[in-house]
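Number of protein chains: 2
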Amino acid sequence: MPSPPRDEAELVARARTLSGLAIDALASHWGVRVDGSPVSTKGKVGELLERALGATGGAAATRDFPGIGVELKTIPLDPRGTPRESTFVCAVSLLEAERAEWETSWVRAKLARVLWIPVGIGADGARRIGDPCLWSPSSEQERVLRDDFDEILGRIGATGIEGLSARVGRWMQLRPKAAHGRVRTRAPGADGGLIETVPRGFYLRARFTGAILRDPRALPP
Amino acid sequence: MPSPPRDEAELVARARTLSGLAIDALASHWGVRVDGSPVSTKGKVGELLERALGATGGAAATRDFPGIGVELKTIPLDPRGTPRESTFVCAVSLLEAERAEWETSWVRAKLARVLWIPVGIGADGARRIGDPCLWSPSSEQERVLRDDFDEILGRIGATGIEGLSARVGRWMQLRPKAAHGRVRTRAPGADGGLIETVPRGFYLRARFTGAILRDPRALPP
DNA sequence: TAGGATCCAGCTTTGGATCCTT
DNA sequence: AAGGATCCAAAGCTGGATCCTA
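Chains as they are written, first to last, in this note's numbering: chain A, 61 to 281; chain B, 61 to 281.
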């Protein structure tokens, strides 16, 4: 198990040495199976890269590399280099939604510094690690993310969580997270009591992550 | 048959009196069948509204209302108010493509002043005429349309018509027009001779017409 | 043919549902 | 539950093919 990287430069240097490596090779090195049925290997590649880069593992970690304030995100690409999926950022606390502000939010902190690692798929079907991209949002990008955040949390306050569609948000959306979980939220209306619902999390739309992988300062539609 | 409207105000006033009217009612008034199989009634609604508004009919007309320089376009909407189709603007002369310029183009002249008439569909399945919208492109809108025009004609010049996909163009695209027609164009390359191909026309994408019906100065993606 | 357009199979995108490990 | 995510049916969009009338 590698020790945590001392600084960003060391983290990026390590990520660069992994570039081009087949996922299968990395998996067998770490004794992890990533060749099962697709549904049974969700999240495995992300965890594999955390290990290989010396991330602080486990559910207690607030960030992947707390010492240097960097979040690690893998992005699956299709053969043309386009993200195949949206990217989960973090869960949201529905009960604190009304008081939440972008400046002090967890989602902003997570997105402040991200090491994106694309995982491509070759003509032979083998998945390979791509070139890492250390990114912080430009001020224009952050403005849109903040607008999305405000609109999403504003709707939760106005109509309750059941009135919020995953369509809301240009680059960021709120969607169910976890099939079996239960959390409490407030029913719509001023007199709303507590009701139970499924947990939600912030996701970045694929068109946003695709654009920043091509150009870190891009402003997608 | 109404006489041609004297000016824009009269045209819009007439269009407003039609708003809310069922297409079936208008059709029976003019003795036109619009209840056949969908494939057999293409274009009927557009012709019906031309008649009802006193447009100069026939293939010889360069514009629907030449006296006042207005083009009439009907737009079919789905139950949510979104355009169901792209909108045909005019044919393109492939042989003159290399010399063509936006400023003097037919497509620009047609789009300079358009009376959009949405045709919605109610919960009962009946089609009804909506509120007319007299529109000219804003300078920002025209800039994008000109860019599309330049890129489309530029590609015809560079790669020939067969190298041009209907994907080119943000708001406007070039697509086949007429199933059986034949026109001549120049083969790609400096030494290109004349070859035959299917006629093409400019179309406005539904996301553009949908946006300007909601807000005439909107700048869709 | 020119002028009025829509059809519709196939591809892409969306977003609610779901899976594994600690 | 928290943290790593992907699955996949259904809705939406695309764009080549096509239809009618004068």
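We put the beta carbon where it would ideally sit given N, CA and C, even for glycine.
From the options, pick the residue whose C-alpha is nearest to that of residue i; which is it?
i, options, result
"A87/A", "E107/A, L273/A, D210/A", "E107/A"
"E131/B", "V149/B, P281/B, G252/B", "V149/B"
"I177/A", "V72/A, P64/A, D84/A", "V72/A"
"P139/B", "R187/B, P62/B, L78/B, L279/B", "R187/B"
"C193/B", "R123/B, P64/B, T134/B, R260/B", "T134/B"
"L109/A", "G220/A, S199/A, G261/A, A75/A", "A75/A"
"V258/A", "S100/A, A151/A, R144/A", "A151/A"
"D208/B", "W195/B, R111/B, T245/B, E161/B", "E161/B"
"G223/B", "P276/B, E256/B, P248/B, T116/B", "P248/B"
"E200/A", "W166/A, G252/A, A239/A, P276/A", "P276/A"
"E158/A", "R246/A, V105/A, H240/A", "R246/A"
"L81/B", "V179/B, R123/B, K170/B, E202/B", "V179/B"
"E156/B", "H240/B, L213/B, F268/B", "L213/B"
"L113/B", "I189/B, V94/B, W195/B, G253/B", "I189/B"
"R203/B", "R123/B, D184/B, E163/B, W195/B", "E163/B"
"D95/A", "T219/A, T116/A, G185/A", "G185/A"
"T219/A", "R235/A, G252/A, D124/A, S198/A", "G252/A"
Taking the straight line between their C-alpha atoms, what separation do you get for residue i and residue j?
i, j, result
"W231/B", "G127/B", "28 Å"
"L205/B", "I83/A", "45 Å"
"K237/A", "V243/A", "11 Å"
"R274/A", "P280/A", "11 Å"
"V92/A", "A85/A", "10 Å"
"G261/B", "W90/B", "30 Å"
"S146/B", "R66/A", "56 Å"
"D191/A", "S79/A", "5 Å"
"R227/B", "S63/A", "49 Å"
"G182/A", "S225/A", "35 Å"
"L171/B", "E70/B", "20 Å"
"Q233/A", "G103/B", "40 Å"
"F255/B", "S165/B", "The identity of residue 255/B in the sequence shown is Ile, whereas the question assumes Phe. Using only the alpha carbons, I get a separation of about 24 Å."
"L175/A", "R111/A", "14 Å"
"V105/A", "P136/A", "9 Å"
"E211/B", "G229/B", "7 Å"
"S100/B", "R215/A", "46 Å"
"E68/B", "G241/B", "35 Å"
"G141/B", "G217/B", "38 Å"
"D124/B", "S196/B", "16 Å"
Below 8 Å on the Cβ atoms is my guess for residue i versus residue j; work out the distance and round it to an integer in Å.
i, j, result
"L154/A", "I221/A", "6 Å"
"C129/A", "R173/A", "Per the sequence shown, the amino acid found at residue 129/A is Gly instead of Cys. That pair is a contact at about 6 Å."
"A266/A", "I272/A", "Rounded, the Cβ-Cβ distance is 11 Å, inconsistent with contact."
"T269/A", "P98/A", "That pair is no contact at about 20 Å."
Only counting runs of 4 or more residues, tell me where the alpha helix (DSSP H) segments fall wholly within the region 140 to 188 of chain A, in order along the chain.
The region 140 to 188 of chain A contains these whole alpha helix (DSSP H) runs: 166 to 171.
What are the uninterrupted segments assigned as alpha helix (DSSP H) that are 4 or more residues long and contained completely in the region 184 to 238 of chain B, given in chain order?
Counting only runs of 4 or more, we get 199 to 219.
As an exercise, report each continuous beta strand (DSSP E) stretch of at least 3 residues that is fully enclosed by the region 81 to 145 of chain B, in chain order.
Taken in chain order, the complete beta strand (DSSP E) segments of 3 residues or longer contained in the region 81 to 145 of chain B are 131 to 136.
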